[in-house]
Amino acid sequence: MSQDDNARTAGTTATTTTTGTTTTTAPDLAPAPAAGAVRAVRPLWTLGLFRSELLVTLRRWRTLALLGVLAAVPVLVGIAVRIETGDGSSSGSQGGGGPAFISQVTNNGLFLVFTALAATLPFFLPMAVGVIAGDAIAGEASAGTLRYLLVAPAGRTRLLLAKYATTMAFCLLATLVVAASALLVGALLFPLGDLTTISGTRISFAEGLARALLIALVVAASLIGVAALGLFVSTLTNSGIAAMATTVGLLITVQILDQFPQLHAIQPYLFSHYWLSFADLMREPLYWDDLVKNLGLQGLYAAVFGSAAWARFTAKDITV
9 MSQDDNARTA GTTATTTTTG TTTTTAPDLA PAPAAGAVRA VRPLWTLGLF
59 RSELLVTLRR WRTLALLGVL AAVPVLVGIA VRIETGDGSS SGSQGGGGPA
109 FISQVTNNGL FLVFTALAAT LPFFLPMAVG VIAGDAIAGE ASAGTLRYLL
159 VAPAGRTRLL LAKYATTMAF CLLATLVVAA SALLVGALLF PLGDLTTISG
209 TRISFAEGLA RALLIALVVA ASLIGVAALG LFVSTLTNSG IAAMATTVGL
259 LITVQILDQF PQLHAIQPYL FSHYWLSFAD LMREPLYWDD LVKNLGLQGL
309 YAAVFGSAAW ARFTAKDITV
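Now the structure itself:
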């Protein structure tokens with residue numbers, strides 16, 4: 009059990025017997041409340057549980073490593089574009105490959121934010137979220153701390169909600185790390201200023217920054233389906249590694265299915281299908297159709313797999 013887990017489960021043990029000079033402690037596994045008894049709901053305690061889970065997650069080396077990899081992607085993309093355009097050519101002018109914004113990066117470093125988000129969203133960002141979500145419950149079970157976390161007054165529902173809220177906070181943090189890293193690298197390697205939208209209109213740099221923030225929020229919201237799916241998988245096993253591997257495997261499978269034209273009938277229902285619709289926020293006027301479909305689809309996945317995770321977790325036998 010790690011130091012953070014020890015600190016989090018402190019207080020769940022109490023002195024039970026004292027014989028001579030020997031004192032033993034045992035888990036404070038209080039008897040189940042009487043039938044019909046209602047446990048008092050304390051919102052401040054629930055917020056404290058979320059804060060504790062968030063701090064424990066952010067202090068883990070695995071989380072820091074994931075954030076470090078995400079921060080490195082914009083650096084590598086920026087350096088690659090800089091090297092490619094060192095002779096004065098325009099990136100992406102030949103072949104038309106790469107993310108949609110990459111040809112504009114040399115003209116305005118702010119476009120590196122959009123390019124980095126487009127490059128990380130198909131795999132890197134959801135993979136990181138899948139690792140965190142997959143480890144949420146299964147990781148506690150494999151570490152032997154899940155039983156202690158369920159001691160009163162936690163409760164399974166509140167613990168599950170705290171885990172999901174922590175995963176969602178990581179979604180936002182990971183997206184902002186990518187955006188901030190890209191903005192910094194873009195400012196260092198390329199000029200900044202007014203920018204041209206996909207529609208060809210000019211907007212100010214301040215409005216461009218506002219749209220970059222809005223795009224980052226949309227990208228974070230696009231990951232709530234993956235977070236719910238990973239949390240559900242995490243309730244199915246007591247192995248954190250198995251849950252993480254399964255979640256990432258499902259993510260890769262869905263991405264592959266979304267590439268076959270023969271499967272066009274089911275592709276609009278895949279959680280990754282509308283991920284890159286955030287590019288419509290760089291149009292003038294804004295185009296909302298695919299964005300609304302994306303957010304609605306993510307909400308549907310969150311509701312379905314979140315409910316499945318709750319049903320599984322509340323009925324699960326906790327033996328470790």
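Residue numbers (the working numbering): 9 to 328.
All C-beta atoms, glycine included, are put in the ideal place defined by N, C-alpha and C.
Quick caveat, the model's predicted, so the values are computed rather than measured.
- Distance from Tyr309 to Ala236 at the Cβ level is roughly 6 Å; contact confirmed, criterion being Cβ atoms closer than 8 Å.
- By the Cβ-count criterion, Gln112 is buried, with 16 or more other Cβ atoms from all chains shown falling within 10 Å of its own Cβ.
- Note: Arg210 is bridge-paired with Thr204 in the DSSP secondary-structure output.
- The three-state secondary structure of Tyr172, taken from DSSP, is helix.
- For the pair Val137 and Gly257, the CB atoms are not nearer than the 8 Å cut-off.
- Judged by DSSP secondary structure, Gly117 falls outside any alpha helix (DSSP H); it is assigned neither H nor E.
- A straight-line Cα-Cα distance of about 26 Å links Ala251 and Gly56.
- By a beta-carbon distance limit of 8 Å, Val186 contacts Ala124. Their separation comes to about 5 Å.
- Counting only residues of its own chain and dropping the five nearest sequence neighbours on each side, Thr205 has a CB closer than 7 Å to the CB of Ile211, Met290, Arg291, Glu292.
- Judged by DSSP in its simplified three-state form, Arg68 adopts coil rather than helix or strand.
- In this structure, the straight-line span from the alpha carbon of Leu265 to that of Arg59 is close to 37 Å.
- Our two residues, Ala214 and Phe321, have alpha carbons roughly 46 Å apart in a direct line.
- Cβ contact annotation for Gly86 (same chain, cutoff 6 Å, sequence separation greater than five): Leu120, Val193, Leu197, in chain order.
- Counting along the chain, the unbroken alpha helix (DSSP H) around Pro134 starts and ends at 132–151.
- Residue environment analysis places Arg67 among the exposed positions, since fewer than 16 neighbouring C-beta atoms fall within 10 angstroms of its C-beta.
- Lys324 and Ala146 have their C-alpha atoms some 12 Å from each other.
- Residue Val77 holds the alpha-carbon nearest to the alpha-carbon of Ala190 among Val77, Ala319, Ala73.
- Distance from the Cα of Leu62 is smallest, within the candidate group Cys179, Ala126, Phe109, Arg90, for Cys179.
- With a threshold of 16 other beta carbon atoms within 10 Å, Val300 falls short and is exposed.
- For Gly233, the enclosing alpha helix (DSSP H) stretches over residues 232–242.
- Comparing alpha carbon positions, the residue from Val89, Ile110, Val139 closest to Leu75 is Val139.
- Taken through DSSP and simplified to helix, strand or coil, Asn302 comes out as helix.
- Counted as a single uninterrupted DSSP element, the stretch harbouring Ile274 is not any alpha helix (DSSP H), since DSSP gives it neither H nor E.
- Leu72 and Ala253 have their C-alpha atoms roughly 19 Å apart.
- No residue range can be given for Arg291, since it is assigned to no alpha helix (DSSP H) and is classified by DSSP as neither H nor E.
- Gln267 carries a coil assignment under DSSP once its states are collapsed to helix, strand and coil.
- A straight-line Cα-Cα distance of about 19 Å links Thr245 and Val312.
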